[in-house]
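Single-structure report; data block below.
There are 2 protein chains.
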Amino acid sequence: MPKFDDRGLLSAVVVDAHSKDVLMVAFMDREALDLTLETREAHFHSRSRGRLWKKGESSGNVLKVQEILVDCDQDAVVLECIPAGPTCHTGATSCFYRVVDGRTLQPVKT
Amino acid sequence: MPKFDDRGLLSAVVVDAHSKDVLMVAFMDREALDLTLETREAHFHSRSRGRLWKKGESSGNVLKVQEILVDCDQDAVVLECIPAGPTCHTGATSCFYRVVDGRTLQPVKT
């Protein structure tokens, strides 16, 4: 089963189950993973706030989890999700809306 | 520009530029990011070995970087890559070759 690092965390990558776009990257502790498995809605651990958070708890933009993949050494998971709305707090569909172009950032070409 | 956490790291997600499958998840420090930007081949920081590593340095299965996306708070990147071979050390195309099914792991259905 998943292995947590010395901080009790593993990496969690959220991808859109249909488009396969990466929507966000966050961390999970055991509590967040257990709640995600139980409720099939994505929960994470906020390092900055030092607490559990359910994605969409304030915005309503929850992530319905269709499938959870785990990597070879079991310290990272991919959550294939159906998002209820924009995933990014900026209103963007994905948090990854910019590309690194040399030393500057540019919007993703769509 | 990208922000590194209190350990000097950011999360890096490798996706296949064609299939969009998530191939692996790792960490980068500034040195790894700079070398990736310079060489357009993926470099990471190994937490377990405490050193820089170039993906494929021993296997030859390097990752050619086509595009680098950065997230809203700039502490995670997505590398869109063309892999020279299987990404996983097990020989699997992706490190994410199993799904969490309740409390057990099952192979991904293809």
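Residue numbers (the working numbering), protein chains in the order written: chain A, 1003 to 1112; chain B, 1003 to 1112.
Just so you know, even glycine gets a beta-carbon here, dropped at the ideal spot from N, CA and C.
Practice task
Can you give me the Cβ contacts of Q1108(A) inside the same chain, cut-off strictly under 7 Å, excluding the 5 residues immediately before and after it?
Solution key: Here residue 1108(A) corresponds to residue number 106 of the first sequence, with the count starting at 1. R1100, V1101.
Practice task
Give me the Cα-Cα distance between A1094(B) and S1021(B), rounded to the nearest whole angstrom.
Solution key: Taking the second sequence and counting its residues from 1, one reaches residue 1094(B) at position 92. Taking the second sequence and counting its residues from 1, one reaches residue 1021(B) at position 19. Looking at the two C-alpha atoms, the distance is approximately 15 Å.
Problem - D1018(A) - containing beta strand (DSSP E), residue span - result: Start at 1 with the first residue of the first sequence, and residue 1018(A) comes out as number 16. Judged by DSSP secondary structure, D1018(A) falls within the beta strand (DSSP E) whose first and last residues are 1012-1018.
Practice task
Mind listing the chain B neighbours of V1016(A)? Cutoff is C-beta to C-beta under 8 Å, in chain order.
Solution key: On the first sequence, position 14 is the one that residue 1016(A) refers to. For V1016(A), there are no C-beta contacts with chain B under 8 Å, since the nearest C-beta of that chain is about 10 Å from it.
Handout entry: Interface residues of chain A facing S1013(B) [CB-CB closer than 7 Å]
Key = If you number the second sequence from 1, residue 1013(B) lands on position 11. Those within 7 Å of S1013(B) in chain A are S1013, V1027.
Practice task
Confirm, please, whether the CB-CB distance from V1064(B) to A1086(B) is below 8 Å.
Solution key: One-based indexing of the second sequence puts residue 1086(B) at position 84. One-based indexing of the second sequence puts residue 1064(B) at position 62. Cβ distance < 8 Å, so A1086(B) and V1064(B) count as in contact.
Handout entry: Proximal chain B residues relative to C1083(A), where beta-carbon distance stays under 7 Å
Key = Position 81 of the first sequence, counted from the first residue, corresponds to residue 1083(A). Here the premise fails: no neighbours, minimum Cβ distance about 13 Å.
Problem - According to DSSP, residues forming a beta bridge with L1037(A) - result: For this step, residue 1037(A) is matched to residue 35 along the first sequence. In the DSSP output, where bridge partners are listed per residue, L1037(A) has none listed.
Exercise for the section: Compare the Cα-Cα distances from R1138(B) to each of S1050(B), A1019(B), S1013(B), L1025(B) and report the closest residue. Expected result: The question about residue 1138(B) has no answer here: the residues shown for chain B are numbered 1003 through 1112.
Exercise for the section: Could you have a look at R1009(B) and say whether DSSP puts it in helix, strand or coil? Expected result: Here residue 1009(B) refers to the residue found at position 7 of the second sequence. Residue state, collapsed to three classes: coil.
Exercise for the section: Could you tell me the distance, in whole angstroms, from the CA atom of T1089(B) to the CA atom of M1026(B)? Expected result: Counting from 1 along the second sequence, the entry for residue 1089(B) is found at position 87. Counting from 1 along the second sequence, the entry for residue 1026(B) is found at position 24. If I take the Cα positions, the gap works out to 7 Å.
Exercise for the section: Quick one: list the residues of chain B neighbouring E1069(A), beta-carbon separation under 7 Å, in chain order. Expected result: Sequence index remark: in the first sequence, residue 1069(A) carries index 67 (1-based). Correct list: V1101.
Exercise for the section: Assign T1092(A) to buried or exposed, taking buried as 16 or more other Cβ atoms, counted over all protein chains shown, within 10 Å of its Cβ. Expected result: Looking up residue 1092(A) in the first sequence gives position 90. By the C-beta density criterion, T1092(A) is exposed, having fewer than 16 other C-beta atoms within 10 angstroms.
Problem - Whole-angstrom distance between R1042(B) and G1104(A), CA atom to CA atom - result: In the first sequence, the residue the question calls residue 1104(A) occupies position 102. In the second sequence, the residue the question calls residue 1042(B) occupies position 40. If you take the alpha carbons of G1104(A) and R1042(B), they lie about 11 Å apart.
Exercise for the section: May I ask you to list the residues that DSSP assigns as paired with R1100(A)? Expected result: Working through the first sequence from its first residue, we reach residue 1100(A) at position 98. In the DSSP output, where bridge partners are listed per residue, R1100(A) has P1109(A), V1072(B).
Practice task
Go through its chain and collect everything with a Cβ distance to D1077(A)'s Cβ below 8 Å, but skip five positions before and after it.
Solution key: Against the first sequence, residue 1077(A) aligns to sequence position 75. Around D1077(A), the same chain offers P1004, K1005, F1006, D1007, L1012, S1013 as residues with beta carbons nearer than 8 Å, after the five sequence neighbours per side are excluded.
Problem - For R1032(B), three-class secondary structure by DSSP - result: Within the second sequence, numbered from 1, the residue matching residue 1032(B) stands at position 30. It is helical.
Problem - N- and C-terminal bounds of the beta strand (DSSP E) containing H1047(A) - result: For the purposes of this step, residue 1047(A) is taken as the residue at position 45 of the first sequence. Run containing H1047(A): 1045-1048, per the beta strand (DSSP E) assignment.
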